[in-house]
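Numbering (the numbering used here), first residue to last: 24 to 469. A virtual CB, placed ideally from N, CA and C, is assigned to each residue, including glycine. Bear in mind the structure is a predicted one, so any value in this text is a computation, not a measurement.
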Ligand SMILES: [Zn+2]
């Protein structure tokens, strides 16, 4: 069925802006974007669904390049004896207590509410990093089921392999990744698989060897790299090398790989990343919240490294995350010109869709003919002029700063959100179930 978004302001995600246009969607893809006389002449077929774009701004659907949907039920959770002084203690006192208490029902509830909140913020693709060490087997199918089938977003999924819960759980984690990778259909542009690794400091040489031997050719890894200073310190003390060198040694610095954070890698490691086909994902709000350091945005971009943006599970609002990425660079360098609009636009509107397009085998990230029909519509009627030259300023200082949610979200040509409500979900029922699961989850945490 054709869908027509009629009369919206349209930003293509690059250099083109139309004050009033019509987007024609057919078979999951954007067939045409009409403006001016061409738009006036167009008569949609009677069977086409019309979405009124009047007073709305259409932008390409957003990608969250590193997230943890399993963290969704942590909101408001009180933890006795929580007083971390280091990043490792944050993991030990919070996240590793939470993930151990997840069961299949809470994994599903977490994924559902996390993906719903992402959708409300205009996100159409999630690159997720999942952990539930006492409910490993089948967990990736459960997360995929929530993201792809129940909500209708795209996703790249993996299980966070780690030695931290013992060798039996590690071995099940390897099998979960391999099983999900083996089910990856390269023609399915809604879903793909990566091999998930927690971080260098929780994986022995034996574990990395096993991954290296068994990971399918052409598969990428999704791993935290040097998020806290401890990761590099441990790597040098235990293995006599730095983390990126260690990944290279095990043939895991490879194409399709996503390296989250990279806060404490040195200049030589950045050069190694630049020489690989791996991408780096920056998560500014998580980094600030964990007090782990500041990302060297300029150093990575200068080297031509594909720098993407993620939330690391701290919410899902990619436009606010982008705004924060900018102001973090300004405050940390004491330079108001740091992280200019060019860099920020490149990271969220070029690099994130490039990363997702490569993983999913789809053409994402533009409102232009031939691209996948992934479109976020915001009720946004600005009080100041808007055009191709300043639209990113409106996105950051209008939509992001005011935390606006989408009125409509379209993924692969299908309506996920219509008039601010999920098209195929009973939101109240999902939230009621999530509160029930969260209560039980919190009670299980010791
Ligand atoms: Zn993370």
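Nearest-angstrom Cα separation, counted from residue 462 out to residue 428
27 Å
Discussion item. Assuming residue 102 and residue 117 are in contact, meaning their beta carbons sit under 8 Å apart, how far apart are those beta carbons, in whole angstroms?
Written reply: About 6 Å separates the two Cβ atoms, so the contact holds.
Exercise for the section: Might you give, ordered along the chain, the residues of its own chain that have their beta carbon closer than 7 Å to the beta carbon of residue 386, omitting 5 neighbours on each side? Expected result: 380, 393, 394, 395
Worksheet entry | Inter-residue Cα distance where the pair is residue 35 and residue 433 | 15 Å
In whole angstroms, what separates the C-alpha of residue 253 from that of residue 110?
8 Å
Out of 277, 194, 135, state which residue places its alpha-carbon closest to the alpha-carbon of residue 149.
Of the listed residues, the one whose Cα sits closest to residue 149 is 135.
Looking at residue 311 and residue 277, is the spacing between their C-beta atoms short of 8 Å? no
* Grouping DSSP H, G and I as helix and E and B as strand, with all else coil, what is residue 373? -> helix
Which runs of the alpha helix (DSSP H) fall wholly inside the stretch 255–289 and span at least 4 residues, in chain order? 266–272
Q. Mind checking residue 179: buried by the 16 CB within 10 Å criterion, or exposed?
A. buried
Q | Close Cβ partners of residue 72 (< 6 Å) along its chain, the five nearest in sequence each way excluded | A | 26
Measure from the alpha carbon of residue 313 to the alpha carbon of each residue in 106, 29, 388, 465, then state which is nearest.
The option with the nearest alpha carbon to residue 313 is 106.
Stretch pair the stretch 280–292 + the stretch 303–310: three plus CB contacts closer than 8 Å: yes
Measuring straight from C-alpha to C-alpha, what distance separates residue 45 and residue 56? 6 Å
Element boundaries [beta strand (DSSP E), containing residue 52] | 52–58
| message | Can you find the residues in the same chain that come closer than 6 Å, C-beta to C-beta, to residue 94, ignoring five residues on each side of it along the sequence? | response | 336
Note to self: Let's see if you can read the secondary structure: which residues bound the alpha helix (DSSP H) around residue 153?
What the structure shows: Segment: none, residue 153 is in no alpha helix (DSSP H) and carries neither H nor E.
- For residue 298, is the classification buried or exposed, using 16 other Cβ atoms within 10 angstroms of its Cβ as the cut-off for buried? Residue 298 is exposed by the Cβ-count criterion.
_Need the endpoints of the beta strand (DSSP E) that residue 34 sits in, please._
26–34
Practice task
Inspect the CB distances between the stretch 209–228 and the stretch 171–186 and report whether three or more fall short of 8 Å.
Solution key: yes
Same chain, Cβ closer than 6 Å to residue 13, five either side skipped, listed in chain order
The first residue shown for the chain is 24 and the last is 469, placing residue 13 beyond what the model contains.
Quick check on residue 183: does DSSP put it in helix, strand or coil?
coil
What are the complete beta strand (DSSP E) segments, minimum 3 residues, inside the stretch 295–349? Fully enclosed beta strand (DSSP E) runs of 3 or longer: 302–305, 330–332.
Could you check if residue 128 belongs to the surroundings of ligand 1, using beta carbon to heavy atom distance under 7 Å?
no
Once DSSP output is grouped into helix, strand and coil, what is the label at residue 399? strand
Whole angstroms are fine: how far does the CA of residue 108 sit from the CA of residue 315? For the pair residue 315 and residue 108, the Cα-to-Cα distance works out to about 11 Å.
Inset, instruction - Locate the beta strand (DSSP E) running through residue 218, then write down its first and last residues. - result: 218–222
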